[in-house]
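In this text, residue positions in the sequence shown follow full-length UniProt numbering: the first is 1, and each later residue adds one. Think of the CB as a built atom: it goes at the ideal place given N, C-alpha and C, for glycine as much as any other residue.
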Amino acid sequence: MFALAEEDGRKALRSFTGEMDDAAVVDLIRDLLVTQLRAVLEAEEPRGFFWRALVRRAISRKRRGSSRVEPTPEQEPPPSGPLDAEEQDRAARLDRAAAWARLSPREQEVLSALGEGEDRDALAERWGTTRNNIDQIISRARRRLAEVDR
Numbered sequence: 001m002f003a004l005a006e007e008d009g010r011k012a013l014r015s016f017t018g019e020m021d022d023a024a025v026v027d028l029i030r031d032l033l034v035t036q037l038r039a040v041l042e043a044e045e046p047r048g049f050f051w052r053a054l055v056r057r058a059i060s061r062k063r064r065g066s067s068r069v070e071p072t073p074e075q076e077p078p079p080s081g082p083l084d085a086e087e088q089d090r091a092a093r094l095d096r097a098a099a100w101a102r103l104s105p106r107e108q109e110v111l112s113a114l115g116e117g118e119d120r121d122a123l124a125e126r127w128g129t130t131r132n133n134i135d136q137i138i139s140r141a142r143r144r145l146a147e148v149d150r
């Protein structure tokens, strides 16, 4: 199938661009095969489907000024069984770190100060703002953290 795709791809791309080197053609074809093989096999006319998809991809790459294809990294499937206690703890730590990173520096600062026992009024006075502003910062941080939880 790759040989057929490569032959058709070379014809299509050369008639369209006229200037792509062989390595770029092979990269483009392999990328297309990897990402759309299922759709090609399920199509009523696979060859026509492939031709149109390849030309669309070449046009899009040409517009972006790119002729080389960077491979799409394959992701490992999630584990099928339940996580053990250590894996759950590690996942929870990663989730908390990712959630914390989503907060602004001011939100992180306010939540850290509250965690250390600071009073909201004292925070407002120290930062030269109002308690209402501190409450808004806390509320915004809680919303962001809740978004990560969903």
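Rounded straight-line distance, which links the Cα of residue j to that of residue i
i, j, result
"Arg140", "Ala24", "48 Å"
"Asp8", "Trp51", "7 Å"
"Ala97", "Arg106", "16 Å"
"Ala124", "Trp100", "22 Å"
"Lys62", "Asp31", "15 Å"
"Leu87", "Leu28", "One point to set straight first is that residue 87 is Glu, not Leu, in the sequence displayed. Cα to Cα, the separation comes out at about 39 Å."
Reduced DSSP secondary structure (H/G/I, E/B, other) of residue i
i, result
"Ser60", "helix"
"Glu51", "Residue identity check: residue 51 is Trp in the sequence provided, not Glu. DSSP places Trp51 in helix when its eight states are reduced to three."
"Val40", "Residue confidence is low: Val40 scores 49 on pLDDT, short of 50, so the model does not pin down where it sits. No coordinate-derived value is stated."
"Trp100", "helix"
Alpha helix (DSSP H) segment containing residue i, residue limits
i, result
"Gly117", "Premise fails: Gly117 is in no alpha helix (DSSP H) and is neither H nor E."
Beta-carbon separation (whole angstroms), residue i vs residue j, contact threshold 8 Å
i, j, result
"Ile134", "Arg120", "5 Å"
Counted within 10 angstroms of its Cβ, other Cβ atoms place residue i as buried (16 or more) or exposed
i, result
"Ala58", "buried"
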